[in-house]
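Asker:
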Amino acid sequence: MKTAASVRSAFREYFDLTVGLRRYLRGPAPGPGAVRRIREQLERREQRWLELVRRSVFDRRGHPYRRLFERAGCEFGDLENAVRAKGLEGALSALYDEGVYLTEDEFRGRAPIRRRGLEIESRPELFRNPCVRRGVLQRSSGTTGRPAVAVSAAARDWHLEIYRLLEAQEFELERCARLLVRPILPSVIGLVSSMSFARMGLPAHGWFGYGGSLRRAWHYRILTRWLVGFVRLHGLSVPSPKYLPPGDFTPVARWLGGRLRRGERCYVGCFVSPAVRTAAAAAEEGTDLSGTMFFAGGEELTPARREAIEASGAEVYSRYWIGEVGPIGFPCRRQRGTARLHVLSDSVAVLVEPKTVRGLSRPVPALWFTTLLPMSSFILINAEMGDAGEISRSRCDCTYARLGFEWEISGIRSYSKLTGQGMTVFASDVVRILERTLPQRFGGTAGDYQLIEGCDRGAGLELRVRPGVTAAPAEAISECFLGELRRCYGGALSTEVWRHSGALRVTAADPLVGPTGKVLPLHLLGGFGGEVR
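Numbering (the numbering used here), first residue to last: 1002 to 1534.
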């Protein structure tokens, strides 16, 4: 039973959501002038960031970043001189060397900020942008296990629409049937996506929603229906969600098949897991998805997942977006079949600095993010989010490059750790085994095998296999998994310890589904630990 306090809290949350939506709906729709604003922001990028840091960090005594600047002997005037002399990224790199950075554990509050001679208690709330008061309440997609809440100002949401407008121009989405496969409340991504398309004059033609059975999520369905009506009262054409049966994406495949048979091209906005499941459903139905473009984010688009989607005939493009950072990279047509994205450098600066990860023989090229927009939800300077990748200059002549987005990010992967029984292995190696090796050996596809750390009171590892995928005995699957893992960095000792302790258990069960409907290959239970992107 819900307590009176929890009911009041929920009421207040959705009241604030309604107020934020109304403010957002009354804002200027994106247009040519908005695109010019991006170019102007790129030209004033360094000065804008300095103003943001002065107001949000240097003018706030006791702010963790201010204390790091003080430890580094860097006053605001020194920072201005460094940015003018070295450029923004050059200055950030120098600050990193002086200890002005934030590890993922420090940001999440899992560990205090420790530099030589300094220790600062830390938690995410300390890094919120003090200039952002109220907006559309958003929750991160949960790829780190427990979603972090970020308050997004309406101005930021209007800014994000400019990126969506650029994407629509690059991929000619006005000529497509536009479908959303998005969760309903408490996630707002489906509602906000449908509003954004409508504000651009490109309303979505359909929305398949998910997020719990009618019995468990009836109140969210009612609230979603009410908010759709609220948005329509403001003159926007947004679809009501049609609810998918649990675990069944056949209706999505049939919707796409019907549009494709009429000669239409199709756009699908979704997470990666629903794209994989839709491609599998289409294969079962005998439907060729050629002419379909999946724009999938929120999860890592691994090679196996890309292959599973493209086998249906569809194209798939990833976006790189972290809830606490904001949008980081968007794709263009030239990047079809690749994992290269244009860095949205008016919003974020990205450094690549080596990070030593326990259990690995060499450092990983960790990505460190700095938020630049005055309406960013968090003020982050050289913040780690558990991802690695590479940065290079773009050789593109697309919509983004012509506007001034000159850098590309590629090879994005998580180095979040799997630490069963105290042993550490590289998460991307485990994902490869789960999504490629096991399906090739025993049948199934990406999404049918999932490793869960934290079962058996937090000490065990459970390897779930979707029922009906294979008739192979559990012992054979376990031996294959451990044998492959032994060949990976950090895997030799781990496999011996796990075998000895009986830590790994293979079960025939559906993979766990996150709060936004994502099926992730690694799922960590308890604490602030994370599912791996």
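For every residue, glycine included, the Cβ atom is placed at its ideal position computed from N, Cα and C.
DSSP three-state label for Ile1310, please.
Answerer: Looking at Ile1310 - three-state DSSP - the assignment turns out to be helix.
Asker: By a C-beta neighbour count over all protein chains shown, 10 Å radius and 16 as the cutoff for buried, is Glu1391 buried or exposed?
Answerer: The residue is exposed, with fewer than 16 neighbouring Cβ atoms inside 10 Å.
Asker: Mind pulling the alpha helix (DSSP H) runs of 4 or more residues that sit fully within the region 1382 to 1436?
Answerer: Runs found: 1400 to 1404 and 1428 to 1433.
Asker: What would DSSP say about Cys1481, mapped onto helix, strand or coil?
Answerer: Helix at Cys1481.
Asker: Within its chain, find whatever has a CB closer than 7 angstroms to the CB of Gly1028; leave out the 5 residues flanking it on each side and keep chain order.
Answerer: Result list for Gly1028: Ala1155 and Trp1159, in chain order.
Asker: Tell me, please, which residues DSSP counts as bridged to Gly1270.
Answerer: Leu1181 and Phe1296, per the DSSP bridge assignment.
Asker: Name the residue from Val1326, Ala1309, Leu1352 and Val1351 whose alpha carbon lies nearest to the alpha carbon of Gly1338.
Answerer: It is Ala1309.
Asker: Can you tell me whether His1343 is buried or exposed? The criterion is at least 16 other CB atoms within 10 Å of its CB, across all chains shown.
Answerer: It is buried - the Cβ of His1343 has at least 16 other Cβ atoms within 10 Å.
Asker: Tell me the start and end of each unbroken alpha helix (DSSP H) in the region 1318 to 1387 that is at least 4 residues and wholly inside, in chain order.
Answerer: Listed in chain order, nothing qualifies, since the region 1318 to 1387 has no complete alpha helix (DSSP H) run of 4 or more residues.
Asker: Quick one: what's got a C-beta closer than 7 angstroms to Ser1313's C-beta in the same chain, skipping five residues either side?
Answerer: Counting only Cβ-Cβ distances below 7 angstroms, and skipping sequence neighbours, we find Ala1280, Ala1283, Ala1284 and Leu1290.
Asker: Quick check: what's the CA-CA separation for Pro1065 versus Pro1131?
Answerer: Between Pro1065 and Pro1131, the C-alpha separation is close to 14 angstroms.
Asker: Count the other CB atoms within 10 Å of the CB of His1524; is the residue buried (16 or more) or exposed (fewer)?
Answerer: That one is buried.
Asker: Short of 7 angstroms in beta carbon distance, which residues of its chain neighbour Arg1055, apart from the five on each side in sequence? Order them along the chain.
Answerer: Closer than 7 angstroms at the Cβ level, and outside the excluded window around Arg1055, lie Phe1077.
Asker: Could you tell me how far apart the beta carbons of Pro1252 and Leu1261 are, in whole angstroms, since I believe they sit closer than 8 angstroms?
Answerer: Not really, about 15 angstroms apart at Cβ, beyond 8 angstroms.
Asker: State the start and end residues of the unbroken alpha helix (DSSP H) segment that holds Tyr1102.
Answerer: Segment: none, Tyr1102 is in no alpha helix (DSSP H) and carries neither H nor E.
Asker: Count the other CB atoms within 10 Å of the CB of Trp1208; is the residue buried (16 or more) or exposed (fewer)?
Answerer: Trp1208 comes out buried.
Asker: Is DSSP giving Leu1513 helix, strand or coil here?
Answerer: In the structure shown, Leu1513 sits in coil (DSSP, three-state: anything other than H, G, I, E or B).
Asker: So, for Asp1430: in the same chain, excluding its five sequence neighbours on each side, which residues have a beta-carbon less than 6 angstroms away from its beta-carbon?
Answerer: Taken in chain order, the residues that qualify are Cys1489.
Asker: Which of the three DSSP states, helix, strand or coil, is assigned to Phe1198?
Answerer: The answer is helix: DSSP assigns Phe1198 an H, G or I state.
Asker: When the Cβ atoms of the region 1467 to 1474 are set against those of the region 1315 to 1331, are three or more pairs found closer than 8 angstroms?
Answerer: No, because fewer than three Cβ pairs between the region 1467 to 1474 and the region 1315 to 1331 fall closer than 8 angstroms, the two stretches do not touch.
Asker: How about Arg1116 and Arg1072: do their beta carbons lie closer than 9 angstroms?
Answerer: Cβ distance < 9 angstroms, so Arg1116 and Arg1072 count as in contact.
Asker: Can you list, in chain order, the residues of its chain with a C-beta nearer than 6 angstroms to that of Tyr1268? Leave out the 5 residues immediately preceding and following it.
Answerer: Leu1174, Cys1177, Arg1179 and Met1294, listed in sequence order.
Asker: Return the residue from the list Ser1195, Arg1183, Glu1047 and Ala1389 that minimises the CA-CA distance to Phe1250.
Answerer: Nearest C-alpha to Phe1250: Arg1183.
Asker: Per DSSP, what kind of secondary structure is Val1520 in: helix, strand or coil?
Answerer: It is coil, neither helix nor strand.
Asker: To the nearest angstrom, how far is the alpha carbon of Val1193 from that of Val1232?
Answerer: Between Val1193 and Val1232, the C-alpha separation is close to 10 angstroms.
Asker: How would you write the range of the beta strand (DSSP E) that Arg1115 sits in, first residue to last?
Answerer: Its beta strand (DSSP E) spans residues Ile1114 to Arg1116.
Asker: Any idea if Ile1323 is buried or exposed, counting beta-carbon neighbours within 10 angstroms, 16 or more meaning buried?
Answerer: Buried, since its Cβ has 16 or more Cβ neighbours within 10 Å.
Asker: Taking the continuous beta strand (DSSP E) assigned at Phe1209, which residues delimit it?
Answerer: Note, Phe1209: beta strand (DSSP E), Gly1207 to Tyr1211.
Asker: Please work out which residues of its chain come closer than 7 angstroms, Cβ to Cβ, to Ala1345, disregarding the five sequence neighbours upstream and downstream, and give them in chain order.
Answerer: First, the residue type needs correcting, since residue 1345 is Leu and not Ala in the sequence shown. The residues are Tyr1164, Pro1328, Ile1329, Gly1330, Phe1331 and Phe1406.
Asker: What distance in whole Å lies between the Cβ atoms of Val1351 and Leu1374, which are believed to be in contact at a cut-off of 8 angstroms?
Answerer: With 8 angstroms as the limit, Leu1374 and Val1351 do not qualify as a contact, their Cβ atoms being about 14 angstroms apart.
Asker: Have a look at the DSSP bridge pairing and note the partners of Thr1508.
Answerer: Its beta-bridge partners are Arg1465.
Asker: Using a 10 Å radius around the Cβ and a threshold of 16 neighbouring Cβ atoms, would you call Leu1286 buried or exposed?
Answerer: First, the amino acid is wrong: residue 1286 is Glu here, not Leu. When all chains shown are included, Glu1286 counts as exposed.
Asker: Would Leu1203 and Gly1191 qualify as a contact pair, given that the criterion is a beta-carbon distance under 9 angstroms?
Answerer: Their beta carbons are not under 9 angstroms apart, which means Leu1203 does not touch Gly1191 by this criterion.
Asker: Which value, in whole angstroms, describes the spacing of the CA atoms of Gly1299 and Tyr1401?
Answerer: Answer to the nearest angstrom: the Cα atoms are 21 angstroms apart.
Asker: If contacts are defined as beta-carbon pairs under 8 angstroms, then Leu1224 and Met1196 qualify, I think. What distance do you get, rounded to the angstrom?
Answerer: With a Cβ gap of about 15 angstroms, Leu1224 and Met1196 do not count as contacting.
Asker: Would you call Pro1247 buried or exposed, if buried means 16 or more other Cβ atoms sit within 10 Å of its Cβ?
Answerer: Burial call: exposed.
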